[in-house]
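*Asks:* Here it is: the structure, laid out below.
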Amino acid sequence: DQQVKQNSPSLSVQEGRISILNCDYTNSMFDYFLWYKKYPAEGPTFLISISSIKDKNEDGRFTVFLNKSAKHLSLHIVPSQPGDSAVYFCALSRDNYGQNFVFGPGTRLSVLP
Amino acid sequence: DVKVTQSSRYLVKRTGEKVFLECVQDMDHENMFWYRQDPGLGLRLIYFSYDVKMKEKGDIPEGYSVSREKKERFSLILESASTNQTSMYLCASSLTSGGKVEQYFGPGTRLTVT
Chain L
1 DQQVKQNSPS LSVQEGRISI LNCDYTNSMF DYFLWYKKYP AEGPTFLISI SSIKDKNEDG
61 RFTVFLNKSA KHLSLHIVPS QPGDSAVYFC ALSRDNYGQN FVFGPGTRLS VLP
Chain Z
1001 DVKVTQSSRY LVKRTGEKVF LECVQDMDHE NMFWYRQDPG LGLRLIYFSY DVKMKEKGDI
1061 PEGYSVSREK KERFSLILES ASTNQTSMYL CASSLTSGGK VEQYFGPGTR LTVT
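Residue numbers (the working numbering), protein chains in the order written: chain L, 1 to 113; chain Z, 1001 to 1114.
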């Protein structure tokens, strides 16, 4: 039973345009939602998070949107840069303390110059 | 900057060997985690710890144990390594504060069991 889905295994975007990465989940009890970027042979890099009491959080070029009724999370990157090319994971916390995380399978983003 | 370090980047062990993977974080985080990453499966939580000497099973704890004797150090132990434990192992630590959570990863250990 897959609790967290990232339905697009890959995404290609032109440099300077918007990248939108999506994440859907089944359990309405998740409290914290995180996005990570991962380059090959490196650990994931934390990008941005949002708690369940908010619907938007912004940090520079990265904005995370949460639609709790639709159980949908998205990451917007504007403008996209070639250095953003990586695998992006969403991660959801199954408890109130940000301890018990479940990850999506990841989406590979390619930003084309 | 948060720093999470792992004792080895690459490790090759034989079936049946006992394997220790060490992780250290320098930001006084309460929570620490061990994940494994496999192609097509994403990251799966093996164990996590929310305090010294405390541990909780994640999604795939079978064949693994953990130890947290000091706040900054979290060890993953494979009691008797098997070939299906060949994987990338990632350690992380996290802070939850003021309605905000941040989790930081180490560089990973690529373990091969032959």
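All residues carry an ideal CB built from backbone N, CA and C; glycine is no exception. The structure displayed is predicted, hence computed values, not measured ones.
Please classify K144/L: is it buried, with 16 or more other beta-carbons within 10 angstroms of its beta-carbon, or exposed?
*Replies:* With chain L covering 1 to 113 only, the question about residue 144/L has no answer from this structure.
*Asks:* Mind the definition here: the stretch 1011 to 1020 of chain Z touches the stretch 66 to 82 of chain L only if three or more C-beta pairs lie below 8 Å; say whether that holds.
*Replies:* No contact exists between the stretch 1011 to 1020 of chain Z and the stretch 66 to 82 of chain L.
*Asks:* So, at 8 Å on beta carbons, what are the nonlocal neighbours of V1052/Z in its own chain, with the 5 sequence-adjacent residues on each side left out?
*Replies:* Contacts found: R1068, E1069, K1070, K1071.
*Asks:* If the cut-off is 7 Å on Cβ atoms, which residues from the stretch 40 to 51 of chain L count as contacting chain Z, listed in chain order?
*Replies:* The stretch 40 to 51 of chain L vs chain Z, Cβ under 7 Å: E42, G43, P44, F46, S49, S51.
*Asks:* Counting only beta-carbon separations shorter than 8 Å, does F101/L have a partner in chain Z?
*Replies:* Answer yes: the Cβ-Cβ gap between F101/L and chain Z drops below 8 Å somewhere.
*Asks:* Can you list the alpha helix (DSSP H) stretches of 4 or more residues lying completely in the stretch 1019 to 1049 of chain Z, in chain order?
*Replies:* Counting whole runs of 4 or more residues, the stretch 1019 to 1049 of chain Z contains no alpha helix (DSSP H) stretch at all.
*Asks:* Restricting to Cα atoms, I'd like to know which of R61/L, Y88/L, F46/L is closest to S10/L.
*Replies:* S10/L has its Cα closest to that of Y88/L, out of R61/L, Y88/L, F46/L.
*Asks:* Mind checking whether S93/L and S12/L have CB atoms under 8 Å apart?
*Replies:* No, Cβ-Cβ distance for S93/L and S12/L is not below 8 Å.
*Asks:* Write down the C-beta distance between G1106/Z and L1090/Z rounded to the nearest angstrom, noting that I regard them as a contact closer than 8 Å.
*Replies:* Yes, G1106/Z and L1090/Z are in contact; Cβ-Cβ is about 6 Å, under 8 Å.
*Asks:* Note down, in chain order, every chain Z residue with its Cβ under 9 Å from the Cβ of F89/L.
*Replies:* The answer, in chain order, is G1042, L1043.
*Asks:* Tell me whether the beta-carbon of Q1025/Z lies closer than 8 Å to the beta-carbon of L34/L.
*Replies:* No, the Cβ-Cβ distance between Q1025/Z and L34/L is not below 8 Å.
*Asks:* On a CA-only basis, which of T1114/Z, T1112/Z, G1098/Z, M1088/Z is nearest P40/L? Give me that one, please.
*Replies:* Of the listed residues, the one whose Cα sits closest to P40/L is M1088/Z.
*Asks:* Only counting the same chain, and skipping five residues up and downstream in sequence, which positions put a Cβ closer than 6 Å to that of S51/L?
*Replies:* Excluding sequence neighbours, S51/L sits near Y32.
*Asks:* State buried or exposed for R1036/Z, treating a residue as buried only when at least 16 other CB atoms are found within 10 Å of its CB.
*Replies:* Flag for R1036/Z reads buried.
*Asks:* When DSSP builds the beta bridges, which residues end up paired with A91/L?
*Replies:* DSSP, once it has assigned bridges, lists L34/L, F103/L as partnering A91/L.
*Asks:* How many Å lie between Y1050/Z and T1112/Z at the Cα?
*Replies:* Rounded to whole angstroms, Y1050/Z to T1112/Z spans 29 Å at the Cα level.
*Asks:* What does DSSP give as the partner residues of A86/L in its beta bridges?
*Replies:* A86/L pairs with L109/L.
*Asks:* Is it the case that the Cβ atoms of T1083/Z and R1009/Z are separated by a distance below 8 Å?
*Replies:* No, these two residues do not count as a Cβ contact at 8 Å.
*Asks:* Using a Cβ-Cβ cut-off of 8 Å (strictly less than) and excluding sequence neighbours within five positions of W62/L, which residues of its own chain qualify?
*Replies:* First, the residue type needs correcting, since residue 62/L is Phe and not Trp in the sequence shown. Around F62/L: W35, L47, I48, L75, H76, I77.
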